[in-house]
Amino acid sequence: MPTTPWPYALEADATPPKDADRLLLWLVRRQWRTVVGGAAFGIPWMLSIALVPAAIGKAIDEGLVARDGRALLLWSGVILGMGLVSAATTNLRHWFAVRNWLFAAFRSAIVTERAVRRAGPALTRDRPAGEVLTAFANDFWKVGQVFDVSARFTGAIASFVVVSVILLNGSVLLGLVMLIGGPLLLASLAFVMRPLQKRQEAQRAESGELTALGADTVSGLRVLRGVGGEETFLSRYAGQSGRVRAAGVRLSGVQALLDASQVLLPGVFVVVVTGLGAHLAVAGDISPGQLVAFYGYTAFLTMPLRTATEFVNKLITSRVMARRLVAILVAEPDHPGSAAASAASADAGADAGAAPGSGSALAVGDLVDPASGVRIEAGRLTAIVSANPEETATIAARLGRTVAGRHGVTLGGVAIDDVPIELVRRTIVVSQSDPHLFSGPVRRELGGETTDPDGAPDDDALLAALHTADAMDAIESIDGGLDGELEERGRSLSGGQRQRLALARALLRDPEVLVLVEPTSAVDAHTEARIAERIPKHRNGSTTVVVTASPLVLDRADRVLVVEGGIVTTQGSHRDLVRNHPAYRRIVLRGEDD
């Protein structure tokens, strides 16, 4: 059972529909209690304001005109009571409004985050990463805006109906003007709403493109600087920024027209009703108190009418943003079977009788990549070498399912494409050639596990991994050693030290299958020799794959696979291949004599 309180713990079947309007309705159903609560206080709040003119009219007719002090005092008390009701319900209505807004935004963020994790790399293959970033940074809050105004909107509808009935009782003409004129005024806004929605969508699309451009540039900033591409980027960014500004200017014109309409149209309505009321009062059809009340009604009606136009405005914005979120929700993963199994595993836990790959462990066996012909024998140290490092790096990514698509890789006869990704990550660990280190305590960032009730890290395992990676000098260079702090990306360390700490981190995970991509490319020959000697001993009996062209590492491998053109062409021990295969000798010895 989830331990987080509602609404943060979403229901297991909380799968939103893949349509913008239905997504908003789905959010309403998920938080109907707070929506109803907002309406329960929004209606009396606005009614207490709407009925003040009626009480004032009664005080004039029955108190002042009739010279009845008790009636005047009575209606004055009624006016005071409605003021107190308004003050009390205002705070509660606002509390529910903010709660509705935050719940809708948070729930949208949760389901979208789940969709991002479910889709994985397939999502950013179809749309820029910056587009997804913009959704998380901006769209959620705007989806919740319509929920913020929903309490006031229900109060506006109720008060409009009540005032219309009061006017009908006092004057059929004024009542009909209210009942017919109010909806017509709102309907006239349709001429503004459609272009507003289109321009909001256009401005949001251009803004997403700008964010995507910035995100892509940051990720490739080092390459840009290396090739002198800063000016090209600046010109592209300036051009896209100009398009965002132009879209914003086009949007602002329609938005300004809508904002002006919120003042103009209710103002015209007030003038018309007030003029008709004055004419009826002069003709003697209504009393002076009724005339004052009618004027108060028309002044009040600007509030529900403006609230209604605000609701429509925010509904349009929420629909635009919901449409952007739905584009993420409908993204299909490359491994749909795995996603379903992962969800079932998260809800039901491991099941001893479940199908292969749906439990808590994968069967240990050979790791096979049919696309390249690579077969990694279980429990052995296998090296993969190629004249083109990109080929072997791609094979390593397929073996660990860190690249998009379905590739048919199997472990122990089970297709890892159909296994929950969490289980794949626990079983197969891929350590890349350019690993990332994060800031924080050294023990935690290296992944030291808590193994005893007192919470002390398993230092023996940590020290063993550091010894194998020959990384103790890197630890000693950090103030405080294992109890010290790593700087962001380990920038206080040399490239070789960072690489060795990352190797120790991967060894400490002790997975069933460990894939190391160029683990010694940044170290000197003496250090490389020590690491090459220690890795087989540390991983004795466990499946280990090393992608490398280093003779020192290859000589320690149980078997070496030679890849040419993305396909395994030959295999054997390092020394046999050096003696018998000139192509392998050229790759490994780099033109040196035997």
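Residue numbers (the working numbering): 40 to 633. A virtual CB, placed ideally from N, CA and C, is assigned to each residue, including glycine. In this text the structure is predicted, and so the values were computed from the model without any measurement.
With 8 angstroms as the threshold, decide whether the Cβ of residue 557 is near any Cβ in chain B. Absent from the structure: chain B. Only one protein chain is present.
From 328, 542, 211, 178, pick the residue whose C-alpha is nearest to that of residue 474; which is it? On the sequence shown, position 435 is the one that residue 474 refers to. Among 328, 542, 211, 178, the Cα nearest to that of residue 474 is on 542.
Could you pull the start and end residues of the beta strand (DSSP E) that residue 598 belongs to? One-based indexing of the sequence shown puts residue 598 at position 559. Looking at the DSSP string, the run of the beta strand (DSSP E) that includes residue 598 is 598-603.
Where residue 480 and residue 75 are concerned, what is the direct C-alpha to C-alpha distance, given to the nearest angstrom? Counting from 1 along the sequence shown, the entry for residue 480 is found at position 441. Counting from 1 along the sequence shown, the entry for residue 75 is found at position 36. Distance between the alpha carbons of residue 480 and residue 75 is about 48 angstroms.
Would residue 39 be called buried (16 or more neighbouring beta carbons within 10 Å of its own) or exposed? Residue 39 lies beyond the residue range present for the chain, which begins at 40 and ends at 633; the question has no answer from this structure.
My output table needs one value for residue 361: the three-state DSSP class, helix, strand or coil. By one-based count along the sequence shown, residue 361 stands at place 322. Helix at residue 361.
Just to confirm the assignment, what range does the beta strand (DSSP E) spanning residue 458 have? Stepping through the sequence shown from its first residue, residue 458 is reached at position 419. It is not in any beta strand (DSSP E) - residue 458 carries neither H nor E in the DSSP assignment.
The segment 334-348 contacting the segment 205-223, beta-carbon criterion three pairs below 8 angstroms: yes
With a 10 Å radius around its C-beta and 16 neighbouring C-beta atoms as the bar for buried, classify residue 132 as buried or exposed. Within the sequence shown, the letter at position 93 stands for residue 132. Residue 132 should be labelled buried.
Thinking C-beta only, is residue 358 closer than 8 angstroms to residue 289? Translated into positions along the sequence shown, residue 289 becomes position 250. Translated into positions along the sequence shown, residue 358 becomes position 319. Their beta carbons are not under 8 angstroms apart, which means residue 289 does not touch residue 358 by this criterion.
Where does residue 409 land, buried or exposed, given buried means 16+ other C-beta within 10 angstroms? For the purposes of this step, residue 409 is taken as the residue at position 370 of the sequence shown. Exposed: under 16 other Cβ atoms inside 10 Å.
From which residue to which residue does the beta strand (DSSP E) around residue 610 run? Taking the first residue of the sequence shown as position 1, residue 610 is located at position 571. 606-611 is the extent of the beta strand (DSSP E) around residue 610.
For residue 150, the three-state DSSP class (helix, strand or coil): Numbered from 1 along the sequence shown, position 111 holds the residue referred to as residue 150. The answer is helix: DSSP assigns residue 150 an H, G or I state.
Kindly give me the distance between the Cβ atoms of residue 335 and residue 99, rounded to whole angstroms, as I take these residues to be in contact under 8 angstroms. Counted from its first residue, the sequence shown places residue 335 at position 296. Counted from its first residue, the sequence shown places residue 99 at position 60. At roughly 11 angstroms, the Cβ-Cβ gap does not stay under 8 angstroms, so residue 335 and residue 99 are not in contact.
Starting from residue 467, follow its DSSP beta bridges and name the residues at the other end. Counted from its first residue, the sequence shown places residue 467 at position 428. Answer by DSSP bridge pairing, in chain order: 552.
In angstroms with no decimal places, state the Cα-to-Cα distance between residue 77 and residue 143. Start at 1 with the first residue of the sequence shown, and residue 77 comes out as number 38. Start at 1 with the first residue of the sequence shown, and residue 143 comes out as number 104. Residue 77 and residue 143: Cα-Cα distance of roughly 14 angstroms.
Using three-state DSSP, classify residue 479 as helix, strand or coil. Counting from 1 along the sequence shown, the entry for residue 479 is found at position 440. Correct three-state label for residue 479: strand.
Beta-bridge partners of residue 420, as assigned by DSSP: Numbered from its first residue, the sequence shown carries residue 420 at position 381. BP columns for residue 420 point to 583.
Whole angstroms are fine: how far does the CA of residue 404 sit from the CA of residue 36? Here the chain covers residues 40 to 633 and nothing more, so residue 36 does not appear.
Measure from the alpha carbon of residue 665 to the alpha carbon of each residue in 477, 547, 369, 530, then state which is nearest. Outside the modelled stretch of the chain, which goes from 40 to 633, sits residue 665, for which no answer is possible.
If I measure Cβ to Cβ from residue 486 and keep anything under 8 angstroms in the same chain, skipping five residues before and after, which residues do I get? Position 447 of the sequence shown, counted from the start, is the residue given in the question as residue 486. Correct list, in chain order: 544, 547, 548.
Assuming contact is defined by CB atoms lying nearer than 8 angstroms, are residue 423 and residue 413 in contact in what I supplied? Against the sequence shown, residue 423 aligns to sequence position 384. Against the sequence shown, residue 413 aligns to sequence position 374. Taking 8 angstroms as the Cβ cut-off, residue 423 and residue 413 qualify as a contacting pair.
One or two residues paired with residue 449 in a DSSP bridge: In the sequence shown, counting from the first residue as 1, residue 449 sits at position 410. Residue 449 is bridged to 407, 454.
Cα-Cα separation between residue 382 and residue 240, rounded to whole angstroms: Indexing the sequence shown from 1 puts residue 382 at position 343. Indexing the sequence shown from 1 puts residue 240 at position 201. Its pLDDT being 43, under 50, residue 382 is placed unreliably by the model, and the measurement read from it follows with that caveat. Roughly 33 angstroms between the two C-alpha positions.
Between the Cα of residue 499 and those of 521, 512, 517, 324, spot the shortest distance and give me the residue it belongs to. Taking the sequence shown and counting its residues from 1, one reaches residue 499 at position 460. Nearest C-alpha to residue 499: 521.
Suppose the cutoff is 6 angstroms on Cβ atoms and the five residues either side in sequence are ignored; what does the same chain contact list for residue 242 look like? Numbered from its first residue, the sequence shown carries residue 242 at position 203. For residue 242, same chain residues with a beta-carbon under 6 angstroms away, outside a window of 5 residues either side, are 286, 287, 290 in chain order.
How would you write the range of the alpha helix (DSSP H) that residue 75 sits in, first residue to last? Sequence index remark: in the sequence shown, residue 75 carries index 36 (1-based). Looking at the DSSP string, the run of the alpha helix (DSSP H) that includes residue 75 is 71-89.
Neighbourhood of residue 430 by C-beta distance below 7 angstroms, restricted to the same chain and skipping five residues each side: Taking the first residue of the sequence shown as 1, we reach residue 430 at position 391. Once the five neighbours on either side are set aside, the close Cβ partners of residue 430 are 602, 605.
Could you give the C-beta distance for residue 130 and residue 189, rounded to a whole number, given that I count them as a contact under 8 angstroms? Position 91 of the sequence shown, counted from the first residue, corresponds to residue 130. Position 150 of the sequence shown, counted from the first residue, corresponds to residue 189. In this structure residue 130 is not in contact with residue 189, their Cβ atoms being roughly 17 angstroms apart against a cut-off of 8 angstroms.
Tell me where the beta strand (DSSP E) around residue 104 begins and ends. For the purposes of this step, residue 104 is taken as residue 65 along the sequence shown, with counting starting at 1. In the DSSP assignment, residue 104 falls outside any beta strand (DSSP E) and carries neither an H nor an E.
Beta carbon of residue 86, beta carbon of residue 200: below 8 angstroms? In the sequence shown, residue 86 corresponds to position 47, counting from 1. In the sequence shown, residue 200 corresponds to position 161, counting from 1. No, Cβ-Cβ distance for residue 86 and residue 200 is not below 8 angstroms.
Applying the 10 Å Cβ sphere with the 16-neighbour rule, what's the burial state of residue 395? Position 356 of the sequence shown, counted from the start, is the residue given in the question as residue 395. Because the pLDDT of residue 395 is 39, which lies under 50, any placement of that residue in the model is unreliable, and the question is left without a value.
Can residue 517 and residue 525 be called in contact, C-beta distance under 8 angstroms? On the sequence shown, position 478 is the one that residue 517 refers to. On the sequence shown, position 486 is the one that residue 525 refers to. Result yes, Cβ atoms of residue 517 and residue 525 sit closer than 8 angstroms.
N- and C-terminal bounds of the beta strand (DSSP E) containing residue 414: For this step, residue 414 is matched to residue 375 along the sequence shown. Segment 413-415, the beta strand (DSSP E) holding residue 414.
Classification of residue 83 by the beta-carbon crowding that lies within 10 angstroms, buried from 16 upward: On the sequence shown, residue 83 is found 44 positions in, with the first residue counted as 1. Buried is the call here.
Can you tell me which of the three DSSP states residue 524 falls into? Along the sequence shown, one-based indexing puts residue 524 at 485. Secondary structure of residue 524 (DSSP, three-state): strand.
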